[in-house]
Amino acid sequence: MLPVKEAESIILSLVKPLDEQVDTEVVRLSAATGRILAVPVTSQLDFPHWDNSAMDGYAVRYADVQCCHTSEPAVLEIIEEIPAGYQPESEVQPGQASRILTGACMPKGADTVVMQENTQREDNRVLIFEAPEPQAFVRHRAAFYQAGMPLLEEGISIGAPEIAVLAAAQCTQLTVYRRPKVVIISTGNELVTPEQPLQPGQIVDSNQYALAAFVFQAGGVPIPLGIVPDEPEALKAKITQAISSADMVLSTGGVSVGDYDYVDQILTQLGTQIHIHSVAVKPGKPLTVATFPSLEEGNPKGAKRPVLYFGLPGNPVSALVSCWRFVTPALRRLSGLPQASCQPTFVQAYTCQELRAAGKRETYLWGQLDLVDGRYEFHLAGGSHSSGNLINLAQTTGLAVVPVGQTLIPAGESVQVLQISY
Ligand code: AMP
Ligand code: MG
Numbered sequence: 006m007l008p009v010k011e012a013e014s015i016i017l018s019l020v021k022p023l024d025e026q027v028d029t030e031v032v033r034l035s036a037a038t039g040r041i042l043a044v045p046v047t048s049q050l051d052f053p054h055w056d057n058s059a060m061d062g063y064a065v066r067y068a069d070v071q072c073c074h075t076s077e078p079a080v081l082e083i084i085e086e087i088p089a090g091y092q093p094e095s096e097v098q099p100g101q102a103s104r105i106l107t108g109a110c111m112p113k114g115a116d117t118v119v120m121q122e123n124t125q126r127e128d129n130r131v132l133i134f135e136a137p138e139p140q141a142f143v144r145h146r147a148a149f150y151q152a153g154m155p156l157l158e159e160g161i162s163i164g165a166p167e168i169a170v171l172a173a174a175q176c177t178q179l180t181v182y183r184r185p186k187v188v189i190i191s192t193g194n195e196l197v198t199p200e201q202p203l204q205p206g207q208i209v210d211s212n213q214y215a216l217a218a219f220v221f222q223a224g225g226v227p228i229p230l231g232i233v234p235d236e237p238e239a240l241k242a243k244i245t246q247a248i249s250s251a252d253m254v255l256s257t258g259g260v261s262v263g264d265y266d267y268v269d270q271i272l273t274q275l276g277t278q279i280h281i282h283s284v285a286v287k288p289g290k291p292l293t294v295a296t297f298p299s300l301e302e303g304n305p306k307g308a309k310r311p312v313l314y315f316g317l318p319g320n321p322v323s324a325l326v327s328c329w330r331f332v333t334p335a336l337r338r339l340s341g342l343p344q345a346s347c348q349p350t351f352v353q354a355y356t357c358q359e360l361r362a363a364g365k366r367e368t369y370l371w372g373q374l375d376l377v378d379g380r381y382e383f384h385l386a387g388g389s390h391s392s393g394n395l396i397n398l399a400q401t402t403g404l405a406v407v408p409v410g411q412t413l414i415p416a417g418e419s420v421q422v423l424q425i426s427y
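Below, the structure written as structure tokens:
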């Protein structure tokens, strides 16, 4: 049994990220949310595009106002009104000012903005009572970004702030990594689809749906291949089909030591290299991680890219916990994110209930992570923490970690919590 950290670093070392030359597609800006940039973006525009005012007030020459004060205001003639979106026409000469509004272009001749609050308007004149700093409230052209410099780097994930930047820079078409294709297979003679009537001894294949949702939320394209019985030949055919169309395969069930657990045996027959058989984690001990060599690597039956195979435990809780802990980093890396952004996020929280573990394996207990008055609180899900109980997994937003060797974290103590967010 491998320690969790070791398993994580082996998994990350096995991922061959999507290629920025071939594994890309062009998307419209409006469809780019959640995608990862494959090509850096630069702009030919300066930000701001021109000198502009940060305040409602008066554009003046600093020399005209530098000595004014309450008892001896500067009196300037107003020559023009400059609202946002208007191109000023008149140059401000000594003794003059232009009325200017926030965001509007600075007129020629002016170098400083006096905020409206420090002035008094009298017809076409303005009285200024307080000397501003030189260049006050002027946002200078290119102060935020200079045309031609890198704007957004390759490998960044596009969210609302990046969309704002790209829209402002008029980048309407973007080259992003394609979404990784993740095939999902459920193994087990006991499984039926949610639509089929349940016979005694049968259960619904919830993993197929849960994993498809997980893959979708993690930015991949789920390809559900359905249920395969615990029969070596059927399993072999399904896995062969899977590797031809996937970047990654997630199968559940059949990786334990039971009489019907054939996955590892089939993987070996198909020429994969198995890197991990089990991890010292609870839930999720039986975890098979294997790679199918690619065509390039001289495997005549291989896919174009090496395919990473996760044989996950069948228990619905174990399967999802393994996804959150081990598949997420691999999927992020595969998607084109830099290594440093791939690890799950752990936060330090206070547990509201005591947390118990057997101490032999790193134990993940599911519940809700809340930010209350600036500190994280972890609320353990009520009910059984058996890995067979999927019912109280609903609304999980955090997994509290009880390290190996520890059997109790009392209520009110600090605990590391893996944050589940997308
Ligand atoms: P296994 O890992 O195949 O031994 O399965 C462990 C447990 O998980 C068994 O109780 C299975 O019935 C259950 N299980 C396996 N596959 C699924 C699935 N696709 N959906 C829901 N439960 C499953
Ligand atoms: Mg099974």
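All residue numbers for the sequence shown refer to our numbering, where the first residue is 6 and numbers rise by one. Even for Gly, the Cβ is constructed at its ideal location relative to N, Cα and C.
Here the residues close to the ligand AMP, judged by CB distance below 7 Å to any of its heavy atoms, are Ser191, Thr192, Gly193, Glu195, Leu196, Ile208, Val209, Asp210, Ser211, Asn212, Gln213, Thr257, Gly258, Gly259, Val260, Ser261, Gly263, Asp266, Pro291, Pro318, Gly319, Asn320, Pro321 and Gly393 in chain order.
Per DSSP, reduced to three states, the secondary structure at Ala102 is strand. Closest in C-alpha terms to Gln178, from the list Cys73, Val32, Val377 and Asn397, comes Val32.
Assigned with DSSP and collapsed to three states, Ser249 falls in helix. The secondary-structure analysis by DSSP pairs Gln201 with nothing; it has no beta-bridge partner. Following the DSSP letters along the chain, one finds Asp375 in no alpha helix (DSSP H) but inside the beta strand (DSSP E) bounded by residues Glu367 to Val377. Per DSSP, the unbroken beta strand (DSSP E) holding Val31 starts and ends at Thr29 to Arg33. Residue pairing of Pro291 in beta bridges, as defined by DSSP: Ser283. Excluding sequence positions up to five before and after Gln121, its CB lies within less than 6 Å of the CB of Asp61 and Gly62, all in the same chain and listed in chain order. For Tyr150, the secondary structure class from DSSP, reduced to helix, strand or coil, is strand. Setting aside the 5 residues that flank it on each side, Leu398 is surrounded in the same chain by Pro321, Val322, Leu325, Trp371 and Ala386, each with a C-beta closer than 8 Å to its C-beta; the list follows chain order. With at least 16 other beta carbons inside 10 angstroms of its own, Ile189 counts as buried.
Rounded to the nearest whole angstrom, the C-alpha separation of Asp56 and His145 is 4 Å. Unbroken alpha helix (DSSP H) runs of no fewer than 4 residues, entirely contained in the segment 54–112, are found at 67–70, following chain order. For Tyr381, the uninterrupted beta strand (DSSP E) segment begins and ends at Arg380 to Leu385. Given a length threshold of 3 residues, each whole run of the beta strand (DSSP E) inside the segment 292–363 is given here in chain order: 312–317 and 351–356. Take Gln49, set aside five residues on each side of it, and the residues of its chain with a beta-carbon closer than 8 Å to its own are Ala152 and Gly153, in chain order.
Of all alpha-carbon atoms in Asp269, Thr273 and Thr333, the one lying nearest the alpha-carbon of Ala217 is that of Thr333.
Annotated as distal: Ile396 and Val407, with beta-carbon spacing of 8 Å or more.
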